[in-house]
Amino acid sequence: MKKASMTRRLFLLSTGAAATGLIVGCSTAAAKGGGYSSIAGAFEPNSFIQITPDNQVIFYLPSSEMGQGILDGLTTLIAEELRVQPGAIDVRHASLHEDYKNPEMGMQATGGSNATRAQFLPLRQAAADTAAAIRNAAAKQLDQPLDKIALADGQVIVEDKSYGFGDFVAVAALMPVPENSPLRSPKQFDQIGRERPRLDALSKSTGSAEFGIDAEVENLYRAVVVRSPVLGATLLGFDASAALKRSGVVDVVQIKSGVAVVAQSYWQARQAAAALELNWEKTELASWSSDSIYNKFNETLNDSSQKGLECCDEGEGDKLLDQSATVVAADYYAPYLAHATMEPLNCTVEINGDACAIYLGTQNIQASAGAAVYYGDFDADKVKVHPAFLGGGFGRRGLGDDVAEAVLIAQQTGRNIQLVWSREDDMSNDFYRPAALVRMQAGVSEQGLIETWAVRRVGPNIMGYMLDEWVDALAPDYLNKRFVDWLSKLGRPIFNRFIADPSAGDGIYSDYDTPNKAVRHVTQDPGLRTGFWRSVGHSSNAFFKESFIDELAQSAGIDELQFRLANMKNNPRLTEATQLVAAKAGWGKPLPEGHFHGLATHSSFGSAVAEIAEVSIEGTQIIVHKVTAAIHCGMVVNPGIVRDQIEGGIVYGLTAALHGEITLVDGVIQQSNFHDYPILRMADAPEVEVHIVASQEHPEGVGEPGLPPLAPAVANAVFKASGQRLRDLPLRLS
Amino acid sequence: MISFQLNNSSVQVDIDPDTPLLWVVRDHFKLKGSKFGCGMGLCGACTMHVNGEAVRSCTLPISAVQGAAITSIEGLGTPDNLHPLQQAWVEYSVPQCGYCQSGQLMAASALLAKNPNPSDDDIEMAMNGNICRCGTYSKIKLAIKSGAEAMRAQGNVVEIFDPVMANKEAS
């Protein structure tokens, strides 16, 4: 195919249109898009796509890339409908704008494994409409019937000639952008579903990918904060005289969470911070240690006068429990956990008069900007967020606590600053995955069908702590601040007393066909703040549910796979995943001497995952040799990324299953760095094999669903290998 | 004043001598590819080559690198001229969040410089100091093997850094 030379007529037409486009273009850009800065002469049909006269296609990525592959996935959707190679698209992180709100959440945030599901149709529609606009413009400009104009591989093709998209952007900018243009059918897909190297692999393999911590602005000082050893305590006083004498130190200021040391370099600030003397108030959390927390949970679990809140009540609830042929009961425990993202929290702030620019990787750009508005007293339209890649998110990034500290330091010192948390700061100032103690009870019929499922759960909630952060950051700025702060504190009492926190019940009663269910949650909270941790409630609830299912099957004398399949007749997705994993792993077939299989199956974030762990025991050491997984997640955008996410969830889950535990003594977190909060390393990482159930259904989540079944699959294998039923996490053989 | 080679350029820096190499490279020389992860040499995100050895730069004081040859990820290869390991990292889509990968690549390239055909055990031994929270270990292993194979096929001569020879050449 030859490249068309521009005829004189075409030249006149396009330059004429470009000239007009400059005038009209601004208003159309503002009306149709507005999420990004206009580029002169570019076609700007919406806030997601810009096409420049020199054929550059720019896509503004509305979700945060934290490793889950959403940059690749969403760019693929644009490429599919716009008929451009994904690698030819210039992808940029979208800044804060109404148009980039996640359609399911109503917030510009990334979490809950929903980014592909929520944006699968809207983004394809935006790209399909853009493609239609380019075709319309080409038809008009070339004076050809529309059906003669095709798009392929970033080119406009008219019979034997091809043109760049850029040749038509000026005319396209003057024409109405079509709406509801037909989307390509799955049969036509040549990008969606195709496996190829992920688009961000190159920048992340050359050190050139920019993370929040890599931000540089003019006259940048570095800041560190010393916070209370017991979270949430108020500072009574401090002595900065020694710290101020240290080399490079320029300021020491008090902020809401502690005392900040600002210096020319991070190292100077960090060294000087050690010389600060601080005096903290004693808080209620200081009266709690891990043992006393566990004992309190246990006391509450056994105190039937504390009814707690209802998570689920179906059929006859737990009334018929004793009438079943077999009744089984067992208590399970899961500890607090830290996120330990590889990139410690950080935030860079540049203040110019009444304007504030913040640089960071965040899962919630709206809350990050809101924190600057709330704590820095800036007008909302004067805060500009410069988003970067996230060095891991897992639910930790985007609460606004990093931004609040950084903005306060910058304001009080009048300097541009970069706040960097140490690993120790990160470990001891997290929003932890809540601990829980759970009593599981079930009645099983003689035929091996679960008749009654009863759960009583004790532990802290998450939502109250999240609201405390988010209400401040997301409330409209015309509201009085003290009112907003009061409002933000209402979350805890509401979720403690009136409404069951959704995460308490997540996944603990679903998946199986049980006619009678009663799940109640009693709030018992020592005051350690909690948060969303990869897969949230499912992270512990799947361990309770799936370990207990094995106990039921074994009590009934039925194979664990057959028991599950018989009790999930109304769960076709999980059934397919379970059958697939059983076939692939060879469930029931002989294994090497001393190796044992454990199975767990769990649905979360719209997807169904089944995992089989192959485990052996050496002394008291648990060795996980291999994990085979099958996922039903609907249609797949890039199979390689789906497999990587499931494997990633398994490795993250195995760290938690074998090692993960945050403990307290007198309210002080005992873990500080990777020596006492160990992370799974290469030598201990199992072989992982992931199988995907072929499906044309709407895509569902993959970032989190791989994690929940891992711990119970391992625990179930450990039981087979050792005869020990481990009901507490992390798994430890005695 | 401390002088050393950074990615084959002679550099000098006047800075508190206990400042770790990592922060000098990141904040003084503005090479941001090497990452801060733990500050205790426990995670490997900061790994650089010091005279060809993989070293945790977050705990190495700058005073200790006087006269040494330092290579950071920026000196390993560039998008236009990738090291065979970087090529393999892209082909296998190793990175997820990507934050640890500079350190992983520096640890892996130091291994291959000494051992062009590492076994699984060799790889695990050399890479066990590098944490990846996203769980890319199996891909790292595959990419190291593929990169090693490519290097052997290209007949890459293994250059073993000899500080004695280097000093002789320099003087």
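Those protein sequence lines, which keep their order, are chains A and B.
Positions 1 to 734 (the working numbering) are the ones given, in order, by the first sequence.
Positions 1001 to 1171 (the working numbering) are the ones given, in order, by the second sequence.
In this text, a Cβ means the ideal position worked out from N, Cα and C, and glycines have one as well.
Pairwise C-beta distances place the stretch 1128-1137 of chain B out of contact with the stretch 1069-1076 of chain B, as fewer than three of them are shorter than 8 Å. One Cα belongs to A233 of chain A, the other to E281 of chain A, and the distance between them is close to 6 Å.
Interface annotation for the stretch 1088-1099 of chain B against chain A: W1089, V1090, E1091, Y1092, S1093, V1094, P1095, Q1096, C1097, G1098 and Y1099, criterion Cβ-Cβ distance under 8 Å. In summary, R92 of chain A is exposed, with fewer than 16 beta-carbon neighbours lying within 10 Å of its beta-carbon over all protein chains present. Within the stretch 1096-1121 of chain B, Q1096, C1097, G1098, Y1099, C1100, Q1101, S1102, L1105 and D1121 place their CB atoms closer than 9 Å to a CB of chain A, listed in sequence order. Cβ proximity to chain A below 9 Å picks out S1072, I1073, E1074, L1076, G1077, T1078, P1079 and L1082 from the stretch 1056-1082 of chain B.
With its beta carbon at least 8 Å from every one in chain B, K584 of chain A lies outside the interface.
Rounded to whole angstroms, the separation of the alpha carbons of T655 of chain A and G1129 of chain B is 16 Å. The shortest C-alpha to C-alpha distance from M1125 of chain B to any of A:A133, A:R681, A:F495 and A:R725 is the one to A:R681. Here Q188 of chain A is not bridged, per DSSP, to any residue. The alpha-carbon separation between L561 of chain A and P590 of chain A amounts to approximately 16 Å. For a Cβ distance threshold of 7 Å, residue set P1095, G1098 and Q1101 of chain B lies close to K204 of chain A, ordered along the chain. Taking CB atoms only, H675 of chain A has a neighbour in chain B less than 8 Å away. Per the coordinates, the alpha-carbon of Q554 of chain A lies some 11 Å from the alpha-carbon of F719 of chain A. Secondary structure of I508 of chain A (DSSP, three-state): coil.
Residues of chain A whose Cβ lies closer than 7 Å to the Cβ of L1042 of chain B are, in chain order, N673, F674 and H675. The stretch 250-259 of chain A and the stretch 400-418 of chain A touch, with three or more beta-carbon pairs separated by less than 8 Å. Using a C-beta cut-off of 8 Å, the stretch 351-367 of chain A makes contact with the stretch 101-120 of chain A, since at least three inter-stretch Cβ pairs fall below that distance. Contact annotation: R227 of chain A and N429 of chain A have beta-carbon atoms nearer than 8 Å. Between the stretch 366-375 of chain A and the stretch 412-429 of chain A, the count of C-beta pairs closer than 8 Å stays below three; the two stretches do not touch. Residue-level contact check: R1152 of chain B does not touch chain A, since none of the beta carbons of chain A fall below 8 Å from its beta carbon.
With a cut-off of 8 Å on Cβ pairs, the stretch 81-100 of chain A is in contact with the stretch 52-68 of chain A, counting three or more such pairs. With the rule of 3 Cβ pairs closer than 8 Å, the stretch 453-468 of chain A counts as touching the stretch 507-520 of chain A. The beta carbon of A334 of chain A is closer than 7 Å to those of A435, A436, S540, F543 and L729 in its chain, skipping five residues each way along the sequence.
The C-beta separation of A613 of chain A from L574 of chain A comes to about 17 Å, leaving the pair out of contact by the 8 Å criterion. Among the residues facing chain A, S1138 of chain B is included, as its CB has a counterpart in that chain under 8 Å away. Excluding sequence positions up to five before and after C356 of chain A, its CB lies within less than 7 Å of the CB of V349, A372, G376, F378, K382, V383 and V407, all in the same chain and listed in chain order. Chain-order list of chain B residues neighbouring Y266 of chain A: W1023 and D1027, by C-beta distance under 7 Å.
In the three-state reduction of the DSSP assignment, D501 of chain A falls in the coil class, being assigned neither a helical nor a strand state.
Annotated three-state conformation of Q1012 of chain B is strand, per DSSP. Here S185 of chain A is not near D129 of chain A, since their CB atoms are 8 Å or more apart.
By the Cβ neighbour-count rule, Y1099 of chain B is buried, with 16 or more other Cβ atoms within 10 Å of its own. Between A630 of chain A and chain B, the shortest Cβ-Cβ separation is not below 8 Å.
Under DSSP, F596 of chain A takes part in a beta bridge, and its partners are A:V615.
Neighbours of C1038 of chain B in chain A, taken as residues at a C-beta separation under 8 Å, are given in chain order as R423, N673 and F674.
In chain order, G1033, S1034, K1035 and I1073 place their CB closer than 7 Å to the CB of S1102 of chain B, counting only its own chain and leaving out the 5 sequence neighbours on each side.
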